[in-house]
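Asker:
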Amino acid sequence: MSTASRLGTEPSTITRWIILCVVGIIFTIPMLALLEFTFRSGLSGGHTLDHWTGLVDEDAGRTYRNLFTGVMNSLLLATVTVGIVLVVLMPTMVLVQLQFPKLRRVLEFICIIPITVPAIVLVVGLAPVYSVVVKIFGGSIWTLAFAYGITVLPYAYRAIQSSLDAVDLVTLSEAGRSLGANWLVVLWSVLLPNLRRGILAASFISVAVVLGEFTIASLLNRVNLQTALLQVYQSDPWVAGIITLLALLFVTILLLLIGRLGSSRRDRSNA
Amino acid sequence: MNSQSGATVELRGVTKTYGAHQALAGIDLDILPGEFVALLGPSGCGKTTALRALSGLESVNGGQILIDGENVANVPTNKRDIGMVFQSYSLFPHLTVAENVEFGLRMRRVPKPERILRAQESLELVGLGHLSERYAHQLSGGQQQRVALARALVTRPRVLLLDEPLSALDAKVRVQLRDQIRLIQTELGITTVFVTHDQEEALAVADRVAVMREGRIEQIGTPETLYTSPATPFVANFVGLSNRVEAKMVDGAVHLHGEKLKPLGEPVASGSVTAFVRPEDIVFAASGLAATVVASSFLGSLRRTQVRLADDSVLSVQHEVGYAVQPGDPVHVRFLGSAVAVEPRD
Amino acid sequence: MRGVARYAGLTPFALYVLIFLAIPTTLAVTTGFFAEEGSFTWNNITGLFTPTILGTFASSFWVSAVTAIIGAIVGALVCYALLGTRPDGALRTIVDSLASVLAQFGGVMLAFAFIATIGLQGLATLFIKNQLGIDIYSESFWLYHVPGLLLPYIYFQVPLMVITFMPALQGLKSQWAEANATLGGTKFTYWTRIAAPVLAPSFFGSLLLLFANAFSSYATAAALISQGAQIVPLQIRAALVSETVLGRENMAGALALGMIVVMVVVMWGYSVLQSRTSRWQR
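Chains as they are written, first to last, in the working numbering: chain A, 200 to 470; chain B, 242 to 587; chain C, -17 to 264.
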C-alpha cells in the first residue's frame, strides 16, 4: 500500500477504479440508449441508418425547417451573448479590478444573483420588459441575447475572475504605465493577452449555456434549438435524438478545449 | 515536565529512489541520546527525504533505520512514537489550540482530565498557555509553530523531527523561535533531528550539523568544525561566507597574493585552484596588499567591506565597526594565514 | 477623472443589469401583489397557501431534497476517487470536462435521453423486462410524473456536486494526514476526526446548492410532463400560459415570489457555509 493510501489521503487503486467505473458506466447508459434509439426502425425492433441519412438528403432542409431555424437562431444568440460578455461584462470587471477594488464584492454579488433568481422566475418579469424591447428593436430573435447575457453571468464571471486573480492586473498596468504606455495600449498589449484564458473559457461556457437554454425561449414564445427540438420530437423523435447527440458532442468538445486551455496555462506558469 | 533521556537514532546505508532520480544515495548517521542534529543543504539534497524516511512518511529502498536499536522499517508512522513539526499548515483548523495539542494523547487513550492537564502544561512550556481556546487561523505564524511544537512534545516521543519549521516565518520570529526550540530541547533532553536550508540557523542551534548534497552527507561535525575545517569545497562554500580567490597549488601549499597557506581537506594536485577565504581571516593593516574600498555594509556588531585589489578582484573583509571607511579610500589588506579549503579550477 | 465622472465606465454594465435583471426580478416578485386591473391585493399571496399549491411546493421540496442528497453522496464518492490524481493529468481533465458538460446537460435533451433509456420502449426498460422479467411500469407509468424526475435530475446533480465539492477535497492539506499519523492516529481517525469535520461545511453547502439547483429547474420537467403543474416551476408555466389559475390573475408573480423566498433562504445558508470553509482552508 502506498504511503498516501496508508495515511488516508488517497483511496487505494482498486477503490478508485471501482467507484469511477461503476459511476462511469451508469452515466454512459442514457447516452448509449439515445444512440441506440436513433438507429431503431419503428416498433418492430429492427435497426436502420435511415434516420441519420435522412438528415443529409435533399428534402431535409424543407422537412426540418423549424429545426434548422432553431439551430441558426441558437448559434446567432450564442454569438451575440458572447459579444455582450466581451463588450459589457469583461471591461467592467477589468475596470473594477483596476479602479474600484471596493466594488468587487458588489460586482460579485450581482453576478451571482442569477443563481438565486432562476430563469423560471426571471421570465415572469421579462415578458413586460420584452414587450418594450420589441417596440424598440423589433421582434427578431437576437434580442433574446439580452436575457441570456444575464443567465450566463455567474459562469462567465467566475471564468474571467479566476483569470483576473491569477494575474496581478494592478502591478502589470502600473508597470506598463511607468514605461510610458497610455491606457489603451496597456489594455490591449498588456492586460488582454494575460486574460486570454479566462476570456476564452467564459466565451465557451456561455456558448454551452445558450445552446442548452429552454426556459426563457419557450415561455417568451421564441424559437431556439431547444424549443425546436421539443417540437420536432412530437413528429420525429429520432431526429430529435440525433441532434441532441450532436449538440452534446459539440459542447463536450468545447468544454474539453477549456480544460486543455487551463492546463496549458498551468504548464507555462510552472516553467 | 520531567527530563527524559532520548533515544538513539541510526541510519545505515539508507537509499531511496524516485524512478530515475536517487534522492538518498546511502546515508549513514549515528545520533546520540538527547543530541540535536541538523540536516543542512540546498533544495533537492535529500534532507527532507531523510527526515521523512525516519518518520515513516516515506518508504526506503535499502538500508536500515534504527530507533533505540529497533529496526523500524516495517513499523508504520503512527506506531514509531515520534513527534513531528512540519513547515506550515499542520494544525487542524477545526480544533482549538488545546484540542490540537490533546490530539496525540487522545490517540493514546489518555483519560480526559489527564489529557487536559498535560496539554496545558505543554502549552505553558512554549509560552502559549493563555491561547488554548483559540483556533489556528487566529494565530500568527510563529504562534502556530509553537502550538505545533507543543502538540508534538506532549506525548513525550522518543525522537523529535522538525521539517524546516522556521522557513515560513519572518526573520525576527525565526531567531526567537529557534532559541526557544533549542532551550526546550535541552531541558527535555529529547533526541532531535532538524532540517533546514539556512546554514546560519543550523550552526546556531545544533550540537552537530550534517551537510548534505545530492543524497549524501558531505560532512558531519560540530558547527565550529564545519566552519573552521570544511572537508570539501562544497561545505566551505555553503557554510558561512567565503571569498573565492584565485590561487595556485604548489608542492602542497596554497600560494595566493604572495602568501603561503595550508590547504584543508583532501590533497589537491598542483595547479590552478580556487581558495575559500573567510572575510574575518583578512584584516586591514598598515602595509600589505594595496586595495581601494568599493562599498561597506554596517551589520550592527561588525562591518563588512568590499575592497578592490590591483588585479581587479574584489575581496570581502570583516572587521569591527570602529574602523569606518568610505568608498574610494586607499587601504592595505593582509591575510591572517588560516588554512583554506581549495577546489581545482579547470 | 474626478468625482462622479469616474463612475462613467461602469454605466453600461449598470444599465444592462438594471434593465434585464433588476427590473424583471422586481416585476416578478411584485406582480403577485396586484390584481389584473392594478389594485393591491393579498389574494394571490394567500392563494399560495391553498392545498394544491402547497402540495406543489411539497413535491418540489421532495424532489429537490432526494436528488440533492443522492447527488451529494455519489458526487462526493467520485471526488474521493479522484483524490491524489494529478490535476493536469488525463483522468482529471476528462472527468472535469465531462462533469461540466453533464451539469449543463439539462432540459429537453436530458428528457430525450431518459425516455430512450427508461421510457416504455427504453433500452433499459426492455432489458430489465426481457432479462430480469420485471416490468418497471407495472404499477403506473411514472416516468411522466413527479417520480420520473428523480433519475434525470440525479444525472445533472452528481456532476454539479463533483464540480462544486472537488475544490474542498483538494483543500485537504497532506500535512493534516501526516500530522495525524505522527500523533498516533489511523486512517479511520483521520477521516472521522479531521477530514469529515473539516469537509462538513463544504459538503452541506454543496448539498444546499444542489437543492437550489433542482428546485429551480424547469426545462426537464417541462419536457417530460407536458401537461399539469405538479412542481412549482410547472405551476408557473401553467400560470403564464393560461389566463387564470384557480381563478386568480398574476398567480405567476405570487409563485415567483414564493420561489425566490425559498431560493434566498437556501442560498444564504450556502454562503454561510462557504465562508466557514474558506476560513479554514486558507
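Ideal Cβ positions, reconstructed from N, Cα and C, are used throughout, including at glycine.
What do you reckon, are the CB atoms on Ala588 of chain B and Leu380 of chain B nearer than 8 Å?
Answerer: In the structure as shown, chain B starts at 242 and stops at 587, and residue 588 of chain B therefore has no counterpart that could be examined.
Asker: Once you ignore the five residues that flank Val326 of chain B on each side, which residues in its own chain have a CB closer than 8 Å to its CB?
Answerer: Taken in chain order, the residues that qualify are Gln386, Ala389, Leu390, Ala393, Leu401, Leu402, Leu403, Asp404, Pro406.
Asker: Closest by CA to Pro33 of chain C, which one among C:Phe138, C:Ala234, C:Gln212?
Answerer: The candidate whose alpha carbon is nearest that of Pro33 of chain C is C:Gln212.
Asker: Put Arg264 of chain A into one of helix, strand or coil per three-state DSSP.
Answerer: Three-state result, Arg264 of chain A: helix.
Asker: Specify the secondary structure class of His371 of chain B as computed by DSSP and reduced to three states.
Answerer: Helix, per DSSP.
Asker: On the DSSP bridge list, what partners appear for Gly324 of chain B?
Answerer: DSSP, once it has assigned bridges, lists B:Leu401 as partnering Gly324 of chain B.
Asker: Taking the alpha-carbon positions, what's the Val255 of chain B to Thr249 of chain B distance?
Answerer: C-alpha separation (whole angstroms): 16 Å.
Asker: Once the 5 residues before and after Gly529 of chain B are set aside, which same chain residues still bring their CB inside 7 Å of it?
Answerer: Closer than 7 Å at the Cβ level, and outside the excluded window around Gly529 of chain B, lie His573, Val574, Arg575.
Asker: What span of residues does the alpha helix (DSSP H) with Ala236 of chain C cover, start to end?
Answerer: Taken as a continuous stretch (DSSP letters only), the alpha helix (DSSP H) holding Ala236 of chain C covers 233 to 262.
Asker: Per DSSP, what kind of secondary structure is Val227 of chain C in: helix, strand or coil?
Answerer: For Val227 of chain C, the predicted model reports a pLDDT of 49, less than 50, meaning its position is unreliable and no value from the coordinates is stated.
Asker: Over the uninterrupted alpha helix (DSSP H) stretch that includes Gln296 of chain A, give me the two end residues.
Answerer: It spans 289 to 298 - the alpha helix (DSSP H) in which Gln296 of chain A sits, taken as one unbroken run.
Asker: Buried or exposed for Ser122 of chain C, please, with buried defined as at least 16 other CB atoms from any protein chain shown within 10 angstroms of its CB.
Answerer: That one is exposed.
Asker: Could you check how far apart the C-beta atoms of Leu280 of chain B and Met453 of chain B are, in whole angstroms? I think they sit under 8 Å.
Answerer: Leu280 of chain B to Met453 of chain B, Cβ: 6 Å. Contact.
Asker: How is the alpha helix (DSSP H) around Ile458 of chain B delimited, first residue to last?
Answerer: Looking at the DSSP string, Ile458 of chain B is not in any alpha helix (DSSP H); the run it does join, the beta strand (DSSP E), is 457 to 462.
Asker: Can you grab the Cα-Cα spacing for the pair Ile268 of chain B / Phe435 of chain B, in whole Å?
Answerer: In a straight line, the C-alpha of Ile268 of chain B is about 16 Å away from that of Phe435 of chain B.
Asker: Please return the same chain residues whose Cβ sits closer than 7 Å to the Cβ of Met143 of chain C, not counting the five positions on each side in sequence.
Answerer: Gly53, Ala54, Gly57, Ala58, Ser188, Leu192, listed in sequence order.
Asker: Taking only beta-carbon atoms, is Arg205 of chain A less than 8 Å away from chain B?
Answerer: Yes - at least one Cβ of chain B is within 8 Å of the one on Arg205 of chain A.
Asker: Anyone know if the C-beta pair for Pro183 of chain C and Arg258 of chain C falls short of 8 Å?
Answerer: In this structure, Arg258 of chain C lies closer than 8 Å to Pro183 of chain C by Cβ.
Asker: Could you confirm whether any beta carbon from chain B is found closer than 8 Å to the beta carbon of Thr208 of chain A?
Answerer: Output row for Thr208 of chain A: interface = no.
Asker: Hey, is Leu364 of chain B's beta-carbon within less than 8 Å of any beta-carbon in chain A?
Answerer: With 8 Å as the cut-off, Leu364 of chain B does not count as an interface residue toward chain A.
Asker: How far does the beta strand (DSSP E) with Gln139 of chain C in it reach, from first residue to last?
Answerer: First-last for Gln139 of chain C: 132 to 152, but that is the alpha helix (DSSP H), not the beta strand (DSSP E).
Asker: Are the segment 9 to 26 of chain C and the segment 520 to 540 of chain B touching, with three or more C-beta to C-beta distances below 8 Å?
Answerer: The segment 9 to 26 of chain C, when compared against the segment 520 to 540 of chain B, does not touch it at the 8 Å Cβ threshold.
Asker: Give the secondary structure of Val509 of chain B by DSSP, where H, G and I count as helix, E and B as strand, and everything else as coil.
Answerer: Here Val509 of chain B sits in coil by DSSP.
Asker: By the 10 Å Cβ neighbour count, where 16 or more other Cβ atoms means buried, how is Ser208 of chain C classified, buried or exposed?
Answerer: It counts as exposed.
Asker: Nearest by alpha-carbon distance to Ala50 of chain C: which of C:Val254, C:Leu132, C:Lys169, C:Leu(-3) is it?
Answerer: It is C:Leu132 whose Cα lies nearest to the Cα of Ala50 of chain C.
Asker: Return the bridge partner residues of Gly266 of chain C from the DSSP annotation.
Answerer: Absent from the structure is residue 266 of chain C, since the part of chain C shown begins at -17 and ends at 264.
Asker: For the segment 437 to 447 of chain A against the segment 376 to 391 of chain A, do three or more pairs of beta-carbon atoms, one drawn from each stretch, fall closer than 8 Å, so that the two count as touching?
Answerer: Touching, no.
Asker: Classify Gly397 of chain A as buried or exposed, calling it buried when 16 or more other Cβ atoms lie within 10 Å of its own Cβ.
Answerer: By the 10 Å Cβ count, Gly397 of chain A comes out buried.
Asker: What's the call for Asp522 of chain B, buried or exposed, on a 16-neighbour Cβ count within 10 Å?
Answerer: The residue in question, Asp522 of chain B, is buried, as its Cβ has 16 or more Cβ neighbours within 10 Å.
Asker: Whole-angstrom Cβ separation of Gln426 of chain B and Thr433 of chain B, contact assumed at under 8 Å?
Answerer: Contact flag correct, Cβ pair sits at about 5 Å.
Asker: Whole angstroms are fine: how far does the CA of Glu19 of chain C sit from the CA of Ala355 of chain A?
Answerer: Approximately 40 Å, taken between the alpha carbons.
Asker: Within a Cβ cutoff of 6 Å, which residues of the same chain sit near Thr202 of chain C, ignoring the five residues on either side of it in sequence?
Answerer: Here the set comprises Gly88, Gly89, Leu92, Ala93, Pro134.
Asker: Exposed or buried, what is Gln103 of chain C when buried is set at 16 or more other beta-carbons lying within 10 Å of its beta-carbon?
Answerer: Gln103 of chain C is exposed by the Cβ-count criterion.
Asker: In chain B, which residues lie with their C-beta within 7 Å of the C-beta of Thr212 of chain A?
Answerer: Chain B residues near Thr212 of chain A: none, gap ~16 Å exceeds 7 Å.
Asker: Contact defined as beta carbons within less than 8 Å: I believe Arg549 of chain B pairs with His560 of chain B. What is the distance between those atoms, to the nearest angstrom?
Answerer: About 16 Å; that fails the 8 Å criterion.
Asker: Excluding five sequence neighbours on each side, which residues of the same chain lie with their C-beta closer than 7 Å to the C-beta of Ala409 of chain B?
Answerer: Counting only Cβ-Cβ distances below 7 Å, and skipping sequence neighbours, we find Gln328, Ser329, Gly382.
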